[in-house]
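Asker: In the UniProt record's numbering, the protein residues as written are 1 to 290. Cβ atoms here follow ideal geometry from the backbone N, Cα and C, with glycine treated the same way. Note that this is a predicted model, so its numbers are computed, not measured. Below are the structure tokens for one structure; questions will follow.
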Amino acid sequence: MIAETLRSIRKRPYGRVDLPKLLLATYVLLAVAAPLLAPQNPYDPLQIFAWEASSKPGSAGSGDFVYWLGTDGLGRDITSTILYGLRVSLLVSVVSSAIAAIIGLTAGVSAAFFGRWVDAIIMRVVDLQLSLPTMLVALVAIVTLGPGIDRIILALIIVQWAAYARIVRGVALSERNKPYVDAARLLRLPTYRILLRHVLPNSVAPVVTLIPIEVGHAIALEATLSFLGLGVPIDKPSLGSAVASGFQYLLTGQYWISLFPGLALFGLIASINFVGEDLRRRLDPRSRSL
């Protein structure tokens, strides 16, 4: 992503920059370098001062420390909370989307290639899940699995895999009837080799275009669950939990506790969606012709 952004800057005339990619690359860099850039570790109680809770943006802290974005109701620096929250939100969304893509790709290709009862069982499960509201499925999964980051990731996998399976099945159905598959069967190649060497690689393109969109959805869903108190634990700040922590202070005029994490969350999701749309246009010939 970072290398692609630098290449796009060199290629664009008059110094014009692909802002969504640059913004997303910046988010990733900030998340990776959070322990080095954050002025405070929001996980360490020894670095949090309760008497500095709800400090306004630009307020002076202990010593020469300045809370540029203010502090939350617990005395945590908002800047540090955003940086560490980016790590959690990106980790949860990227890991869950990647695993869901693998499961959906496998299920979709298997349903298309084997057909009959395999296709019937897999696609009935997919149809049932896609007919239910995403939030309902996530809530049921969270209530069943319990709290924790690993449970959040598992819940997001459960929510996402069906979308991948549905799209991949359609592509794999067209690939299954192509001459190269018939030729491979005439050569009596093993089924697993036809799947892994021929059908599967040619069914990956829609998954690649769907992953950025699903990552954005996963971030939004994780933020919503954290806002409802069902997401990541309180001691591991994510962007969603950071927004939720300031909701109770809005009526008292302490807007910054929710505003700045909310803006960071909005920018992250927007940049991912723009990059995903750009990737879809590049890989889908039909969208390029529009």
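Can you say whether R12 is buried or exposed, counting buried as having 16 or more other CB atoms within 10 angstroms of its CB?
Answerer: Note on R12: pLDDT 49, under 50, position unreliable in the model; the coordinate value appears next. Exposed: under 16 other Cβ atoms inside 10 Å.
Asker: Is I150 buried or exposed, if buried means 16 or more other CB atoms sit within 10 Å of its CB?
Answerer: According to the sequence shown, residue 150 is Asp rather than Ile. That one is exposed.
Asker: Could you pull the start and end residues of the alpha helix (DSSP H) that E52 belongs to?
Answerer: From DSSP, E52 is part of no alpha helix (DSSP H); its letter is neither H nor E.
Asker: Counting C-beta neighbours from all protein chains within 10 Å, is the total for D235 16 or more, i.e. buried, or is it exposed?
Answerer: Looking at its Cβ environment, which holds fewer than 16 other Cβ atoms inside 10 Å, D235 is exposed.
Asker: For a test of the three-state rule: what should DSSP assign to V66, helix, strand or coil?
Answerer: Reduced to three states, the DSSP call for V66 is strand.
Asker: Any idea if F266 is buried or exposed, counting beta-carbon neighbours within 10 angstroms, 16 or more meaning buried?
Answerer: By the neighbour-count rule (16 or more Cβ atoms within 10 Å), F266 is not buried but exposed.
Asker: If you run the structure through DSSP and keep just helix, strand and coil, what is D235?
Answerer: The answer is coil: DSSP assigns D235 none of H, G, I, E or B.
Asker: In whole angstroms, what separates the C-alpha of E222 from that of G231?
Answerer: E222 and G231: Cα-Cα distance of roughly 6 Å.
Asker: Per DSSP, what kind of secondary structure is A60 in: helix, strand or coil?
Answerer: Looking at A60 - three-state DSSP - the assignment turns out to be strand.
Asker: Less than 8 Å between the CB atoms is what I'm expecting for S93 and V215, so what's the real figure, rounded?
Answerer: Right, the Cβ-Cβ distance comes to about 5 Å (below 8 Å), so this counts as a contact.
Asker: Which residues share a DSSP beta bridge with D77?
Answerer: DSSP lists T71 as partners of D77.
Asker: So T224 and G240 are in contact, right, with Cβ under 8 Å, and what is the actual spacing, rounded?
Answerer: Their Cβ separation, rounded to whole angstroms, is 7 Å, which keeps T224 and G240 in contact under 8 Å.
Asker: In chain order, what residues of the same chain lie with their CB nearer than 8 Å to the CB of T81, ignoring the 5 residues before and after it?
Answerer: Within the same chain, T81 has close Cβ partners P42, D72, P237, A242, P261.
Asker: Between which two residues does the alpha helix (DSSP H) holding A172 run?
Answerer: Run containing A172: 149-176, per the alpha helix (DSSP H) assignment.
Asker: According to DSSP, is L230 helix, strand or coil?
Answerer: Residue state, collapsed to three classes: coil.
Asker: How would you call L186, buried or exposed, if buried means at least 16 neighbouring beta carbons within 10 angstroms?
Answerer: With fewer than 16 other Cβ atoms within 10 Å, it is exposed.
Asker: Nearest CA to the CA of V109: which residue from S62, A183, P206?
Answerer: Checked all of S62, A183, P206; the closest Cα to V109 is P206.
Asker: In chain order, what residues of the same chain lie with their CB nearer than 8 Å to the CB of L259, ignoring the 5 residues before and after it?
Answerer: Once the five neighbours on either side are set aside, the close Cβ partners of L259 are G246.
Asker: Just verifying my parser: in three-state terms, what is the DSSP assignment at L200?
Answerer: If DSSP states are grouped into helix, strand and coil, L200 belongs with coil.
Asker: Do I153 and S96 have their beta-carbon atoms positioned less than 8 Å apart in this structure?
Answerer: Their beta carbons are under 8 Å apart, which means S96 touches I153 by this criterion.
Asker: DSSP three-state call for I219: helix, strand or coil?
Answerer: Note: I219 maps to helix in three-state DSSP.
Asker: Please tell me whether V87 and A50 are closer than 8 Å, where the distance is taken between their beta carbons.
Answerer: According to the sequence provided, residue 87 is Arg. The question's Val does not apply to it. Cβ distance not < 8 Å, so R87 and A50 don't count as in contact.
Asker: From this set, L23, R176, Y255, which residue's C-alpha is nearest H198's C-alpha?
Answerer: Checked all of L23, R176, Y255; the closest Cα to H198 is R176.
Asker: Note down, in chain order, each residue of its chain lying with its Cβ closer than 8 Å to the Cβ of A162, except the 5 sequence neighbours on either side.
Answerer: Counting only Cβ-Cβ distances below 8 Å, and skipping sequence neighbours, we find G104, V125, V126, Q129, L130.
Asker: Please state the DSSP three-state secondary structure of Y249.
Answerer: Of the three classes helix, strand and coil, the one that applies to Y249 here is helix, per DSSP.
Asker: How many whole angstroms separate the CB atoms of V275 and L24, which I take to be in contact at a CB cut-off of 8 Å?
Answerer: About 6 Å separates the two Cβ atoms, so the contact holds.
Asker: Rounding to the nearest angstrom, what Cα-Cα distance links M1 and L36 in this structure?
Answerer: Reliability of the predicted coordinates at M1 is poor, the pLDDT of 49 falling under 50, and the value obtained from them is presented with this limitation in mind. About 21 Å.
Asker: Go ahead and label S271 buried or exposed: buried means 16 or more other beta carbons lie within 10 angstroms of its beta carbon, across all protein chains shown.
Answerer: With 16 or more Cβ atoms within 10 Å of its Cβ, S271 is classed as buried.
Asker: Ordered along the chain, which non-local residues of its own chain (more than five positions away) have a Cβ less than 6 Å from that of G70?
Answerer: S55, K56, P57, I78, W256.
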